[in-house]
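Residue numbers (full-length UniProt numbering): 1 to 792.
A virtual CB, placed ideally from N, CA and C, is assigned to each residue, including glycine.
As the structure is a prediction and not an experimental result, all values here were calculated from the model.
Data block below; observations after.
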């Protein structure tokens, strides 16, 4: 690659400017928002790929993608441009960009008092590089050791990314080491950098080609400390954002990439899964027995994710092929689950093995990605054989897929799709994709296929039941997947290490705008968990948006809630507690959609002023108000917990003991213990431990009131609707508002509600922590803890 150095102002526009670099390249800056700029390198004045599927400020993009030059959806505010000797200064009220010579950018943020503070600077010794005989590109910045760098989504190890190197490439990484394996399943090229005194900035590289992030790991004697982004292909097209807080950047990134899908309420319930049931010769019998075993062991459950063994011929998998020896009555199977008020999701894969019954037909129709050197389908290794991957940039493929999802699954009663094994490990980078009529080499868009596959399944489900919100699961991903599906951290390995390090992995996905996430509880690959590990994994899993127990154990056992009779009561208690939390969880799910609030959050996201919250920890927030301190070490007798300095203090959810914030406490633990703390000033809506998560079973409500220890005021909300309808969030919902005022001698709760939805419960019980002795008034009426009022 060659360094880009010399530039001149080529053009000024209403939205920014264009530089002519080294007399051939265009370097374009567009001002999208007060604190959001877009910086693009057009080599030889043109895009390598002129479309994007990641940027969606209006909520979604056309199937064929959005033009990179399209600035619709952005406000494009006024800015000033000052020309000086060898430099240009472009400013809004919040962000100032200085372009220096040789080509390098310096970024400053407003300090709010008329001054500016430096936040990021390009490396002075070669900031931008571009391939001469290929399409590589690179961006180098100064590395500042006092900055804290986060992001990149699904990555192993600690949450902080400093002094490490990461690769962006989708892989089927079964059995990965959660503390260090890289790369994994998803490509999410967005970093957040928190500066010591000038807020935080985001860098989102809108390029799906293979790339590498080096966050101060590499040393080179000819440069100072630096960080870098290097891409094997594609365009250097990045979005630079700034905000006073990390949380604002997270919400901005979620908005920029299209927001979050709002799935049904029942998806917050426990979901069962295992490879072993569908691999069995009596698969239908085993699947149906799961329903009965849940009832026998009094385990609440709302769904089952059916692995791909139902499509098997021999030991191989053939998508859309029902093995009628294993599952002789697919409609009857679906009915068995439906009669139990449980939902069935089916695993589907985007690759047809070379001996698939439909392979020749699909090849003749031209629905596969094509080999780079001949007019034939590409061939890649897939599930112990070779196969060809479907080309979802071909509208005919999309139609074929939707037709098969509908006829082979939805029409037979299977409600949901589990879009799996969609990493598209097609390593012929020149393999040709249809590109919606403009052919594209797969090396430019490989991660996109998981998104487009899932979108096709999403549309099939919407068209099949247009009035109901769809539920989809997808393993691989790229920016924008969250518009259609829930995701998880793939095929983890059964170990205490995986339990510990899947926590920051999920939090990191939240930081890049993936809010509906979780992990395979109990571990997917490797040995079965021992009873202690299984209990701790369940106790952690219940506090994540996706709560699924899934496994493919080496000894062919199955991770089931009742697998260890000696701890089944503890598993049952944990799962039933999740069902008590459903009103709170559903409110968080709605806020993820309506307010772009992450559901699981690093503790620093709500407490940036508390330096201790930036230390590595297994603690995390569930919403704004619950602090989860999962036990992630074997044989633990105590758990040290840092209570963030929140200005109001914390209540132990279980004991009702109050603690000031800004201190470390030690909590004694037994295997029964799930350390959980509540922000003082919160009102937590709770249900009863019902067997199902749908609204029909939501027949009781408790408001757990956790007041300030002294005086204080705070507001909490609860969102409700019918849990399933597409139009409910606009037309038939209920938003309860709880205004809590704590005084020296009493706790007063003002409770109001708006919206037309009528819940199934008629009364509400109010409870205070065990340690709270002040009088309670609700809408002026005196109550004792545990007393009930009629619903307003």
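Exposed unless 16 or more other CB atoms sit within 10 angstroms - verdict on residue i
| i | result |
| --- | --- |
| residue 569 | exposed |
| residue 519 | buried |
| residue 36 | buried |
| residue 492 | buried |
| residue 221 | exposed |
| residue 709 | buried |
| residue 271 | buried |
| residue 243 | buried |
| residue 219 | exposed |
| residue 790 | exposed |
| residue 315 | exposed |
| residue 132 | exposed |
| residue 186 | buried |
| residue 655 | exposed |
| residue 762 | exposed |
| residue 93 | exposed |
| residue 2 | exposed |
Nearest residue (CA-CA) to residue i, options the options
| i | options | result |
| --- | --- | --- |
| residue 141 | 116, 225, 204 | 225 |
| residue 327 | 412, 243, 184 | 412 |
| residue 160 | 616, 676, 756, 656 | 616 |
| residue 712 | 747, 725, 698 | 747 |
| residue 363 | 383, 18, 394 | 394 |
| residue 72 | 228, 84, 30 | 30 |
| residue 167 | 199, 354, 208, 201 | 208 |
| residue 407 | 353, 609, 330 | 330 |
| residue 460 | 403, 512, 562, 212 | 403 |
| residue 40 | 33, 16, 56, 58 | 16 |
| residue 773 | 510, 742, 758 | 742 |
| residue 13 | 130, 5, 28, 387 | 28 |
| residue 738 | 668, 764, 760 | 764 |
| residue 455 | 60, 7, 55 | 60 |
C-alpha gap between residue i and residue j, whole angstroms
| i | j | result |
| --- | --- | --- |
| residue 727 | residue 778 | 32 Å |
| residue 719 | residue 660 | 29 Å |
| residue 684 | residue 716 | 8 Å |
| residue 448 | residue 139 | 23 Å |
| residue 253 | residue 414 | 34 Å |
| residue 549 | residue 723 | 23 Å |
| residue 599 | residue 103 | 40 Å |
| residue 38 | residue 498 | 37 Å |
| residue 486 | residue 115 | 43 Å |
| residue 189 | residue 769 | 44 Å |
| residue 195 | residue 149 | 9 Å |
| residue 782 | residue 788 | 11 Å |
| residue 396 | residue 144 | 50 Å |
| residue 308 | residue 354 | 17 Å |
| residue 322 | residue 442 | 30 Å |
| residue 117 | residue 111 | 6 Å |
| residue 729 | residue 514 | 21 Å |
| residue 235 | residue 431 | 19 Å |
| residue 276 | residue 451 | 28 Å |
Any non-hydrogen atom of the ligand FAD closer than 7 Å to residue i Cβ
| i | result |
| --- | --- |
| residue 257 | Of the ligands one can find in the structure shown there are none, so the ligand FAD has no counterpart to examine. |
Chain B within 8 Å of residue i, Cβ atoms only
| i | result |
| --- | --- |
| residue 16 | In the displayed structure, chain B is absent; only one protein chain is listed. |
Quick check for students: name the residue ranges of the beta strand (DSSP E) that lie wholly in the stretch 746-792, counting only runs of 3 or more. 746-754, 763-767, 775-778, 781-783, 788-790
Would you call the stretch 460-475 in contact with the stretch 406-422, where contact means no fewer than 3 C-beta pairs closer than 8 Å? By the criterion of at least three beta-carbon pairs nearer than 8 Å, the stretch 460-475 is in contact with the stretch 406-422.
With a threshold of 8 Å, are at least 3 pairs of Cβ atoms found where one atom belongs to the stretch 638-654 and the other to the stretch 663-680? yes
Taking contact to mean 3 or more Cβ pairs, one atom from each stretch, closer than 8 Å, check whether the stretch 5-25 and the stretch 35-51 are in contact. yes
Does the pairing of the stretch 577-595 with the stretch 273-289 give three or more beta-carbon distances under 8 Å? no
Just to confirm the assignment: which complete beta strand (DSSP E) runs, minimum length 3, are found wholly within the stretch 329-397? Taking 3 residues as the shortest admissible run, the stretch 329-397 contains the following complete beta strand (DSSP E) segments, listed from N- to C-terminal end: 343-348, 351-353, 380-382, 385-389.
Within 8 Å, do at least three Cβ pairs link the stretch 728-737 to the stretch 749-767? Yes, the stretch 749-767 is in contact with the stretch 728-737.
Determine contact between the stretch 528-536 and the stretch 181-193, defined as no fewer than three beta-carbon pairs at a distance below 8 Å. no
Minimum length 3: unbroken beta strand (DSSP E) runs contained in the stretch 173-234: 190-194, 200-205, 211-214, 226-231
Between the stretch 628-635 and the stretch 536-543, do at least 3 Cβ pairs fall closer than 8 Å? yes
Per the contact definition of three or more C-beta pairs closer than 8 Å, is the stretch 340-351 in contact with the stretch 297-311? yes
Can you list the alpha helix (DSSP H) stretches of 4 or more residues lying completely in the stretch 683-745, in chain order? 728-731
Could you check whether the stretch 573-584 touches the stretch 686-705, counting it as contact only if at least three pairs of C-beta atoms, one from each stretch, sit closer than 8 Å? yes
Taking contact to mean 3 or more Cβ pairs, one atom from each stretch, closer than 8 Å, check whether the stretch 73-91 and the stretch 259-268 are in contact. no
List in chain order: all unbroken alpha helix (DSSP H) runs of 4+ residues lying wholly within the stretch 642-685. Entirely contained in the stretch 642-685, not one alpha helix (DSSP H) run reaches 4 residues.
Can you give, in chain order, each stretch of the beta strand (DSSP E) that sits fully within the stretch 33-63 and has at least 3 residues? 36-42
4 or more residues per run - each alpha helix (DSSP H) lying fully within the stretch 64-149: none
Segments assigned alpha helix (DSSP H), at least 4 residues, entirely inside the stretch 510-547: Fully enclosed alpha helix (DSSP H) runs of 4 or longer: 531-541.
Those runs of the alpha helix (DSSP H) which lie wholly inside the stretch 401-475 and span at least 4 residues: 448-464
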